[in-house]
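Colleague:
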Amino acid sequence: MPETVFSRPEALQQVTTHYCPGCTHGVIHRLVGEVVDELGLRERTVGIAPVGCSVLAYNYFATDFHEASHGRAPAVATGVKRARPDLIVFAYQGDGDLASIGMAEIMHCANRGEKVTVVFVNNAIYGMTGGQMAPTTMPGQIATTCPLGRDVSLAGWPIRMAELISTLRTPAFVARASVHAPLYTVNAKAMLKRAFQYQVEGTCFSIVEILSTCPTNWGLPPAEATAWLEDNMLPYYPLGVFKTPGGEDRAPLPLGGRIGASHAK
Amino acid sequence: MPETVFSRPEALQQVTTHYCPGCTHGVIHRLVGEVVDELGLRERTVGIAPVGCSVLAYNYFATDFHEASHGRAPAVATGVKRARPDLIVFAYQGDGDLASIGMAEIMHCANRGEKVTVVFVNNAIYGMTGGQMAPTTMPGQIATTCPLGRDVSLAGWPIRMAELISTLRTPAFVARASVHAPLYTVNAKAMLKRAFQYQVEGTCFSIVEILSTCPTNWGLPPAEATAWLEDNMLPYYPLGVFKTPGGEDRAPLPLGGRIGASHAK
Amino acid sequence: MQNDVIMAGFGGQGVLLIGKMLAYAGMHQGKEVSWLPSYGPEMRGGTANCTVVISDRTVGSPVIQCPRAVVAMNLPSLEKFESSIKPGGLLLINSSLIAKEPGRTDVKVLKVPANDIANDLHNPKGANMVALGAYLGATHAVALEEMEALVRETFASKPKVVEANIAALRRGYELGEEGMK
Amino acid sequence: MQNDVIMAGFGGQGVLLIGKMLAYAGMHQGKEVSWLPSYGPEMRGGTANCTVVISDRTVGSPVIQCPRAVVAMNLPSLEKFESSIKPGGLLLINSSLIAKEPGRTDVKVLKVPANDIANDLHNPKGANMVALGAYLGATHAVALEEMEALVRETFASKPKVVEANIAALRRGYELGEEGMK
Amino acid sequence: MPQIVIDRDQCKGCELCVHACPQKILGMAKEINAKGYFFARVEEQKRCIGCRLCCITCPDLAIEMHVHGTMVHYFAY
Amino acid sequence: MPQIVIDRDQCKGCELCVHACPQKILGMAKEINAKGYFFARVEEQKRCIGCRLCCITCPDLAIEMHVHGTMVHYFAY
Amino acid sequence: MAKKLMKGSEAIGEAAVRANCKLFFGYPITPQNEIPEYMSHRLPQVGGTFVQAESEVAASNMIYGAAGTGERVFTSSSSPGISLMAEGISYLAGSELPVVLVNIMRAGPGLGGILPSQADYFQATKGGGHGDYRLLVLAPWSVQEAADLVQDAFDLADFYRNPVMILGDGLIGQMMEPVEFKENRVPCKPLKPKDWAATGCKGDRPTNIINSLFLDPQVLEYHNQKLKAKYDTMSRDEVRFTEYGTGDDYDLLIVAYGTVARVCSTAIEDLREDGIKAAMVRPISLFPFPYEAVRRAAKKAKAVLVVELSCGQMIEDVQLALEGSRPVHFYGRQGGMLASPEEVAQKAKEVLAGTSQEVRHA
Amino acid sequence: MAKKLMKGSEAIGEAAVRANCKLFFGYPITPQNEIPEYMSHRLPQVGGTFVQAESEVAASNMIYGAAGTGERVFTSSSSPGISLMAEGISYLAGSELPVVLVNIMRAGPGLGGILPSQADYFQATKGGGHGDYRLLVLAPWSVQEAADLVQDAFDLADFYRNPVMILGDGLIGQMMEPVEFKENRVPCKPLKPKDWAATGCKGDRPTNIINSLFLDPQVLEYHNQKLKAKYDTMSRDEVRFTEYGTGDDYDLLIVAYGTVARVCSTAIEDLREDGIKAAMVRPISLFPFPYEAVRRAAKKAKAVLVVELSCGQMIEDVQLALEGSRPVHFYGRQGGMLASPEEVAQKAKEVLAGTSQEVRHA
Ligand SMILES: Cc1ncc(C[n+]2csc(CCOP(=O)(O)OP(=O)(O)O)c2C)c(N)n1
Ligand SMILES: Cc1ncc(C[n+]2csc(CCOP(=O)(O)OP(=O)(O)O)c2C)c(N)n1
Ligand code: SF4
Ligand code: SF4
Ligand code: SF4
Ligand code: SF4
Ligand code: SF4
Ligand code: SF4
Ligand SMILES: [Mg+2]
Ligand SMILES: [Mg+2]
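Just so you know, the sequences run in chain order H, Z, U, P, B, G, F and R.
Heads up, the first sequence is in the numbering used here, so the first residue is 37 and it goes up one at a time.
Heads up, the second sequence is in the numbering used here, so the first residue is 37 and it goes up one at a time.
Heads up, the third sequence is in the numbering used here, so the first residue is 9 and it goes up one at a time.
Heads up, the fourth sequence is in the numbering used here, so the first residue is 9 and it goes up one at a time.
Heads up, the fifth sequence is in the numbering used here, so the first residue is 2 and it goes up one at a time.
Heads up, the sixth sequence is in the numbering used here, so the first residue is 2 and it goes up one at a time.
Heads up, the seventh sequence is in the numbering used here, so the first residue is 23 and it goes up one at a time.
Heads up, the eighth sequence is in the numbering used here, so the first residue is 23 and it goes up one at a time.
(1) Mapping the DSSP letters down to three states, classify H54(Z) as helix, strand or coil.
(2) Is the beta carbon of A141(R) closer than 8 Å to that of P185(R)?
(3) I want to check one thing, is the minimum distance from the CB of F40(G) to the heavy atoms of ligand 8 below 7 Å?
(4) Quick one: what's got a C-beta closer than 7 Å to A33(U)'s C-beta in the same chain, skipping five residues either side?
(5) According to DSSP, P3(G) sits in a beta bridge with which residue or residues?
(6) With a 10 Å radius around its C-beta and 16 neighbouring C-beta atoms as the bar for buried, classify R227(R) as buried or exposed.
(7) Starting from the C-beta of C56(Z), find all residues in its chain whose C-beta is less than 7 Å away, skip the five residues before and the five after it, and write them out in chain order.
(8) Going by the CB atoms, is the gap between G145(U) and L183(U) shorter than 8 Å?
(9) With respect to 7 Å, is the separation between the Cβ of V157(Z) and the closest non-hydrogen atom of ligand 2 below this value?
(10) Under 7 Å Cβ-Cβ, which residues of chain Z neighbour K224(R)?
(11) Determine, using beta carbons only, whether V188(H) and H67(B) come nearer to each other than 8 Å.
(12) I need the DSSP call for C58(P), collapsed to helix, strand or coil.
(13) Skipping 5 residues on each side, what residues in its chain have a beta carbon closer than 7 Å to that of G176(H)?
(14) Indicate, with yes or no, if ligand 5 has a heavy atom lying under 7 Å from the CB of I93(B).
(15) Answer yes or no: does any C-beta atom of chain B fall closer than 8 Å to that of K117(H)?
(16) Does the distance from the C-beta atom of V350(F) to that of V328(F) stay below 8 Å?
(17) Please work out which residues of its chain come closer than 6 Å, Cβ to Cβ, to R160(U), disregarding the five sequence neighbours upstream and downstream, and give them in chain order.
(18) Check this for me: beta carbons of I195(H) and N147(Z), under 8 Å apart or not?
(19) When you measure from the CB of C22(B) to every non-hydrogen atom of ligand 2, does any distance come out below 7 Å?
(20) Within its chain, find whatever has a CB closer than 6 Å to the CB of E185(P); leave out the 5 residues flanking it on each side and keep chain order.
(21) Residues in its own chain within less than 8 Å of M256(R) by CB, not counting five upstream and five downstream?
(22) Is it the case that the CB of H65(H) approaches a heavy atom of ligand 3 more closely than 7 Å?
(23) Exposed or buried, F31(B), counting other C-beta atoms within 10 Å across all chains shown (16 or more means buried)?
(24) If the cut is a Cβ gap below 9 Å, which residues of chain H does V122(F) touch?
(25) Give the DSSP-derived three-state secondary structure of P45(U) in the structure shown.
(26) When Cβ atoms are compared, which residues of the segment 130 to 143 of chain R fall closer than 8 Å to chain F?
(27) Nearest by alpha-carbon distance to E46(Z): which of D73(Z), G138(Z) and V63(Z) is it?
Below you can see the structure in the form of structure tokens.
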């Protein structure tokens, strides 16, 4: 009998997602599903879906779910966790959702030290609504509301949420990872696992920012999108662990993104 | 003829404020008024009043004013400045206003690099509404919504806004000062003057966080309130310049609060 | 039968407290009662007042624009509320702090030197009790015994305060009854 | 007189474009027109459609549940819209991509191998023009000349495209007229 | 012996697995699947080293891996 | 010669100026002003060094300073 | 329990605790700060949780999360804060979550003032948020009634899986009156287990999803119709009101709610002393509005007088009830000014004397 | 200018530019993303400024600041986003700021769906925010009308110092129709200099303050009454509607607004072909509502049919207009489902045949 060493985790439903071909939202879903499985949490996990391309996440995970209003997933997560501290609560958020409209909610959720986990998918764009500029859109990057490219003198520089959150004094686990290539994905999973573990232990708030592609709104075929991410986003959004609950009050300088693996492109 | 070397600036109205005796909101008003006078800006300045004890600021300044909704002064300031870039726009905000409900607006105003100046009065409490906990309330400090003192394990640690804002990539001037004693007040004025100057030159967003007392809701006589600020707030909220437009991307470590003057108490 | 009164004074004079005590005692006596503090922008200005209604039946409006009685513990309170009293009503003045003569002639004016009496009784903080007593003496809104019981209950942990306040209350009550004769 | 049509196909087949051109040409001819794309969750699924109304008087509903004509450029479109056509209406099928036989017998069915014709004309992207031409030939919703003028205008900067598209349009038009005989 | 199984109807034809495979043994079919995509397929199963990079890459869980006998993983996942 | 003028009716009696004065020449009156506060006043004008700390401290702009003749400021304000 | 003199705000908080609500998420705003303050010290005593939210927007989403677990939860605020919850409230209603919302109204619009008002009637009853939804809205006129209605509100919210709003004004919040909490209170509605709650899907049960998104318009239409049917059931079963003097003869019917109805009750007594006969219907449920009761009671009257602390909002529901069968007059105060019994009596006299102008929609 | 085929969203944006509005602050939301997208490339061409706000809350406050300087400004959003602006809108109205708000409604409540709906009628006309205030609400039924109304909206906003809302649905936003912009358009209202604007107080003029806070209740009451008087003036002077077939005889009066009124106009033609006589009043201004026109037009009819893409909201205004003088029936679709002419005609037949049930408030 052959042994199945890679297959769909139980925490994911047996359905096809609505994500565009090559969109790495799908990879991130799988990582979360695998981590939930590996930690044996499915039956006590409640997810919070954002408003964004992942708005239908509740159809893809085999866990209970809340659909939150745009940007407020951390507040919804707070409500769930405070009502039922025994549950494992994760919010899944996009960059428009978390860094733009939801800036106050994520900062305060992190600052209160809510014992929840946030999976933050940064694809430098508003995917769902058709490619408008996000707070994370790169300088010069074209989006439908900055047709000539993001002009930092008018719209400011992209916000680095992991760095920002890690400067808060309240203990937390804050990391940034990427899923644009498989070995980065392995690292992303490790980060997510630590994040969930901290929650299971009741230690602290945890968030993993994950760089992700949006081939559709970047106007690139999937493989070129991963290359674009590597070339443009990685230098600005360094990967690494920015804060650990036992660690420093102030954010350590980012570890410098590269993990020890060759990059398949 | 004696020369008047100290008197009410023109940019302040000849009226008595509603502030409680010894409340340093009054000092901060005067500093702003003096700076506006010294830079000759009164006739083209528009202030934005917050919702908080300074809600009536428009009655005290001799400049045009907007009354903003709670927390949204930076958005209102953005609207004014974008509509009329020739005007000098300052928002005056409390810590509940700016750091709690208005977290998203201040972060994004700063991140867009709006050419406005924010005067941020941190008195570690909700003054106006009768002493509830603010995001800046000190650990253990009693407030009407944390009657046993702020419990950082439930409410998190106080947020240091100057540090937070200074981590953004967009150029800005970010400083923290205090007005609990006269020589600190001198420094606070210098910071405010720099902040306004950057705006006059069209350089960048500027914010000065100013530590302030709330004798009423701290339940202390004014002089004891200044001592409490010195003993409790200064160590946690270090004074200094956190960011300058030409300076580093990442926040410098705080300069360490003391300015070279004896502290009168 | 309804008694209603506005009690007003400086922040520290304890008018909100005697208002609440009046309402409590009324409730203990089986009456319907309401107590309403002023709140609003002037709150921090240092003056305070409350409206108490004690009635045999459900209290209608807890806001009384023309009260049957006003207890004015200081000058601003007199100036603010004098004109509102129902004709034939009662104006109780703390004459220790109010030198001004009231203008109304269509109400019963009762002057009680509450602070002086309290000082005489070595209970300088008890001026409000004197005023409360006087109000009771003048109106019999609730029975003195009921109020004494309440004082005992309220300050149960401080027997000295109980005695001092009961003395103040009684002295006020006498003056109130006398004044109405 | 009103002509209304739903034009449907895969995302890349250019049905929204020919719908717009139809509306434009109608407008140029002095008619009242409306063009309405489908939008909604299925948008990203890869199919696209639009409704065009061309009328002598103010367009009533721009949403047509039972259109007088459907232009189906691919199979899913046929399956989705076939049943909605008004009895007596027109069903124009791109037979290059649709092998299935339509079930309706109460409508005029016109099969046009649009892709094949376009390929024959060395204008593989011009299948939509063929279909548009056929629709015009079959309905005379707007005059061919008007549409040709519009093609010239639309692709003014690319003379080759203009000629290729006009050829496709005309070939379609012929087939449309023929088919209705 | 690793065995890679690609579910042709789950595949959206993004080609990311093709790029990810260090052995370059995956390719795209010339036909389309039920969803209308040209799907990925294994072209040279026997050269597969079982590295799982294709599985890890696929955003649509279209790839499974089965192992006959034992196998060493180059990295933990 | 510095001269400190305290507007008794602007004063809210917070006493901050009294604490701020390095010469300790300010004090509180025993009477109350129109607003009902015990107000601050200069008790020994002649010892005043014109440092302006009282002015800078006062939250209510109740203190003005006038100078007869010239004066050196210890610090810029 | 014996009667206790309590502030309305505290009675509301205590009532929630007695209704077994152990969760409060809210943000300070005058004139209801006493509610969060009370909860912040009371909830820890009963093992509950108080969270000061960063804003009303956040608070409305925290209660969404908490209610989704099936636990009882409430928040309170005042007018501007309720406006900030508009989106959240629409989500709560759309997702059919049982929560209790308290609005201690202050004068608006905008920042307005902090004194009592009833100018949020439209917002509460017709939906301040987007889309077709309804809150069940209950308006107490005394501290005791506030305490009672809050307890009922939790039962109603659970029964209907719908947000219930307690709509009071600053007087209700600030006033002290005797309150009695009954021991062993019986729920006002039969309560079922919340098997829809998202609490982790043990075993094989399908996942529970708290949601208001339905991309298929046909499915969303069914959802809308299901909600509509629920609101219709409420309209049939949850109408609450009291009548005052409607047993006697009267020429004038007053319609008023909340504390201003108490002012009107005093006015009615005063009027009777002057030989003028008036009665009152006091809606307690504002949605569902007691249309039938108003219509019935108006039959005996020559005219109807609506009294509100607003420019006239409930008057539209009164007009909808009356369908032109009686002239409708209006007396309102705004901005935190309160109507006095004398003013109401005066207006009543004018109505009956024909010197007041009827309100119609031109 | 010659006619151009334009998408409704773009026509709205272009109309604003032509009304000399050089400022847009907004946040993306389907189905109106084309408006901010259009403004983001169009405004820089005319020296204007486009700012993508961090949220709708921020957007509503940015337009507050911009309008306070006296410049023309607008924002647009769709239902959930408009709910988030509820507090801001109340402030805008309370501070009497002229702004134009566009709501391209989608189906709700909550996240709902993205297809067309009219379920925000109550929110728009009765005030989604707190306090007594009114927006002037205009509902176009075609792209050309949208373009025209947007231009008028800026004039009306300035004239009344009041926010004006354009209430459209997803169809208006997505549809393309011919549009003509007139050169040298004359404002629809006489416009005065904005001497109230906060633009720096040169010389000795007293400071200008943009404000809705009035702590003294008497002052706030005056403010409320001043606002009320303004709304009354609007009710007198700004009623807009069109009639369809009311010159002829008819048995049924249809009342509908926005794109669904076009569906009804087709239905009316279809009905005439079947020998059934129907006419329509189409409100264009929803506040002020054309009560008088509806009342007048209903006189000729046996019954009135209200058609909305909601569970029934405008119907209340129709009922207020009719005061029970005619039976009122309702046909609605929800959730993004659209009413077809056939359905409306069918319902019309049922109404006249007596097989439809009248809507009354029980
Ligand atoms: C209150 C509100 N505002 C706006 C929207 C529209 N909206 C839906 S998703 C979205 C942005 C999503 O972008 P992001 O969070 O980056 O997620 P992505 O789609 O890129 O994964 C917006 C603005 C909404 N649904 N609700
Ligand atoms: C939307 C809204 N929420 C709440 C309030 C009530 N409120 C008024 S001031 C204030 C807090 C003020 O605290 P802070 O900003 O620290 O200013 P301070 O009074 O301490 O100077 C609050 C919560 C409000 N007016 N509007
Ligand atoms: S639009 Fe972008 S983020 Fe959304 S599913 Fe498509 S590729 Fe992914
Ligand atoms: S409450 Fe505090 S902050 Fe407000 S005026 Fe008084 S002392 Fe100052
Ligand atoms: S397991 Fe590795 S070698 Fe085998 S097909 Fe997948 S990527 Fe290629
Ligand atoms: S990565 Fe997955 S979806 Fe993409 S081509 Fe390969 S098998 Fe198909
Ligand atoms: S100027 Fe200096 S020395 Fe003179 S009174 Fe003021 S603080 Fe004292
Ligand atoms: S600092 Fe100013 S307000 Fe305070 S006591 Fe001195 S003079 Fe008076
Ligand atoms: Mg994104
Ligand atoms: Mg504060």
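Just so you know, even glycine gets a beta-carbon here, dropped at the ideal spot from N, CA and C.
Modeller: If we stick to the structure as given:
(1) For the purposes of this step, residue 54(Z) is taken as the residue at position 18 of the second sequence. When secondary structure is reduced to three states using DSSP, H54(Z) falls in the coil class, being assigned neither helix nor strand.
(2) For the purposes of this step, residue 185(R) is identified with residue 163 of the eighth sequence, where counting begins at 1. For the purposes of this step, residue 141(R) is identified with residue 119 of the eighth sequence, where counting begins at 1. Not closer than 8 Å, so no.
(3) Taking the first residue of the sixth sequence as 1, we reach residue 40(G) at position 39. In this structure, F40(G) has its beta carbon less than 7 Å from a heavy atom of ligand 8.
(4) Looking up residue 33(U) in the third sequence gives position 25. Excluding sequence neighbours, A33(U) sits near V150, E154, M155 and L158.
(5) The count along the sixth sequence starts at 1 and reaches residue 3(G) at position 2. According to DSSP, which records beta bridges pairwise, P3(G) is partnered with V68(G).
(6) Counting from one through the eighth sequence, the residue named residue 227(R) turns up at place 205. A residue is called buried once 16 or more other Cβ atoms fall within 10 Å of its Cβ, and R227(R), having fewer, is exposed.
(7) Taking the second sequence and counting its residues from 1, one reaches residue 56(Z) at position 20. Leaving aside the five residues that flank C56(Z) on each side, the residues in its chain whose CB is nearer than 7 Å to its CB run, in chain order, P251 and T252.
(8) As a working note, residue 183(U) is residue 175 in the third sequence. As a working note, residue 145(U) is residue 137 in the third sequence. In this structure, G145(U) lies closer than 8 Å to L183(U) by Cβ.
(9) Your numbering for residue 157(Z) matches position 121 in the second sequence. Within the cutoff, so yes.
(10) Numbered from its first residue, the eighth sequence carries residue 224(R) at position 202. Scanning chain Z for C-beta atoms nearer than 7 Å to the C-beta of K224(R) yields E79, reported in chain order.
(11) Taking the first residue of the first sequence as position 1, residue 188(H) is located at position 152. Taking the first residue of the fifth sequence as position 1, residue 67(B) is located at position 66. No, Cβ-Cβ distance for V188(H) and H67(B) is not below 8 Å.
(12) Here residue 58(P) refers to the residue found at position 50 of the fourth sequence. C58(P) carries a strand assignment under DSSP once its states are collapsed to helix, strand and coil.
(13) In the first sequence, counting from the first residue as 1, residue 176(H) sits at position 140. These residues qualify, in order along the chain: G185 and R186.
(14) Because residue 93(B) is not part of the residues shown, which for chain B are 2 to 78, the question remains open.
(15) Locating residue 117(H) in the first sequence gives position 81, where the first residue counts as 1. Not an interface residue.
(16) The residue given as residue 350(F) occupies position 328 in the seventh sequence. The residue given as residue 328(F) occupies position 306 in the seventh sequence. A contact, by the Cβ cut-off of 8 Å.
(17) Locating residue 160(U) in the third sequence gives position 152, counting from the first residue. Take R160(U), set aside five residues on each side of it, and the residues of its chain with a beta-carbon closer than 6 Å to its own are V170, in chain order.
(18) If you number the first sequence from 1, residue 195(H) lands on position 159. If you number the second sequence from 1, residue 147(Z) lands on position 111. Contact check for I195(H) against N147(Z) passes: the beta carbons are separated by less than 8 Å.
(19) Counted from its first residue, the fifth sequence places residue 22(B) at position 21. For ligand 2, not one heavy atom lies less than 7 Å from the Cβ of C22(B).
(20) As a first step, residue 185(P) must be located in the fourth sequence, where it is residue number 177. Excluding sequence neighbours, E185(P) sits near G145.
(21) Counting from 1 along the eighth sequence, the entry for residue 256(R) is found at position 234. Within the same chain, and ignoring the five residues on either side of M256(R) in sequence, the residues whose Cβ sits closer than 8 Å to its Cβ are R156, L158, Y182, N184, F309 and P310.
(22) Stepping through the first sequence from its first residue, residue 65(H) is reached at position 29. Incorrect: H65(H) has no Cβ contact closer than 7 Å to ligand 3.
(23) One-based indexing of the fifth sequence puts residue 31(B) at position 30. With the sequence shown as reference, residue 31(B) is identified as Lys, and Phe is not the correct amino acid for it. Result: exposed.
(24) Within the seventh sequence, the letter at position 100 stands for residue 122(F). Listed by position along chain H, the residues whose Cβ is nearer than 9 Å to that of V122(F) form an empty set, because the closest Cβ is around 14 Å away.
(25) The residue labelled residue 45(U) in the question sits at position 37 within the third sequence. P45(U): strand per DSSP, three-state reduction.
(26) Within the segment 130 to 143 of chain R, those residues whose Cβ lies closer than 8 Å to any Cβ of chain F are, in chain order, G130, P131, G132, L133, G134, G135, I136, L137, S139, A141 and D142.
(27) Counted from its first residue, the second sequence places residue 46(Z) at position 10. Among D73(Z), G138(Z) and V63(Z), the Cα nearest to that of E46(Z) belongs to D73(Z).
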